[in-house]
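Q: Chains as they are written, first to last, in the numbering used here: chain E, 979 to 1103; chain U, 979 to 1103. Glycine included, every Cβ here is placed at the ideal spot set by N, Cα and C. Predicted, not measured: the structure shown is a model, and the values here were computed from it.
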DNA sequence: CGGTATCCAAATAGATACTG
DNA sequence: CAGTATCTATTTGGATACCG
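Here it is as structure tokens:
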């Protein structure tokens, strides 16, 4: 019988493919920034470009299409002159904000740790 | 004071570079899977390879080095014969788990939504 | 303004072979 | 077992030009 389960070493990773697939939502260097820029409300294409300085129109356009297709954001075109387009997070998209925030928190502490290390290295001789 | 605050259109994106930098912790296709596989306790190199099926030794090795350097995990070498190495999340690394989990939750609902769409499309004629 | 098309550069990943 | 080295393939991003 397969009852000789080890207390650790559990060969029980819950679908790594699922994780990979979910992570692909925010894949690419810029998707998280797009979501982040939209967290406070709708933004237009050129506003997003200013929010996220070195992003090219092509990449921004590509990311926006993908995120729209996945249901993370909505695109709203106004046929004014000049034309105007607004992008806005869906409720589901908004749920990604806390997750991104969590990662930023960890990143922040990581930097503090590294500063502390440097600090100690400098004072220990 | 700067009271003429616009209710939206706020030109106030909190350091997109910071977000980008933090996100780079989990950059690459496999880093999240590595962290995920370690969430239940220490794992050895070959165990991680089995956990995350199609990962090559080179990529796993690269990711592990990066994550170790950043302080997300610890490497513990046992000079036994044959040699054995264990990888383990640091406390900071463990803090990434809830964030990853949040993303997975959203991904999961996204899939449900898409199934619902398909379902409706099939029944509406 | 809000994109798309094309071409090119850089980063990431995979396959294979080899080492301690 | 636990990697590293090398080479190549794929993906991603950037620059520029151009269109509605």
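List, in order along the chain, the chain U residues whose C-beta lies closer than 7 Å to that of residue 1087 (chain E)?
A: Per Cβ cutoff of 7 Å: 1070.
Q: Could you check what DSSP says for residue 1053 (chain E) in three-state terms: helix, strand or coil?
A: Three-state DSSP puts residue 1053 (chain E) in a strand.
Q: State the Cα-Cα distance for the pair residue 1073 (chain U) and residue 1084 (chain E), rounded to the nearest angstrom.
A: Approximately 7 Å, taken between the alpha carbons.
Q: Is residue 1063 (chain E) close to chain U? Criterion is C-beta to C-beta, closer than 8 Å.
A: Output row for residue 1063 (chain E): interface = no.
Q: Threshold first: 4 residues or longer. Then list the alpha helix (DSSP H) segments lying entirely within the segment 1024-1054 of chain E, N to C.
A: Listed in chain order, they are 1035-1048.
Q: Determine the DSSP secondary structure at residue 998 (chain U), reduced to helix, strand or coil.
A: Correct three-state label for residue 998 (chain U): helix.
Q: For residue 1038 (chain E) and chain U, any beta-carbon pair shorter than 8 Å?
A: Closer than 8 Å: no.
Q: Which of the three DSSP states, helix, strand or coil, is assigned to residue 1066 (chain E)?
A: In this structure, residue 1066 (chain E) counts as strand in the three-state DSSP scheme.
Q: So is residue 1048 (chain U) in contact with chain E if we call contact Cβ pairs under 8 Å?
A: Closer than 8 Å to some Cβ of chain E, the Cβ of residue 1048 (chain U) qualifies, so yes.
Q: Taking just the CA atoms, how far does residue 1047 (chain U) sit from residue 1093 (chain E)?
A: Answer to the nearest angstrom: the Cα atoms are 14 Å apart.
Q: Taking only beta-carbon atoms, is residue 1098 (chain U) less than 8 Å away from chain E?
A: No, no contact with chain E.
Q: Can you give me the C-alpha to C-alpha distance between residue 1056 (chain U) and residue 1063 (chain U), rounded to a whole angstrom?
A: If you take the alpha carbons of residue 1056 (chain U) and residue 1063 (chain U), they lie about 6 Å apart.
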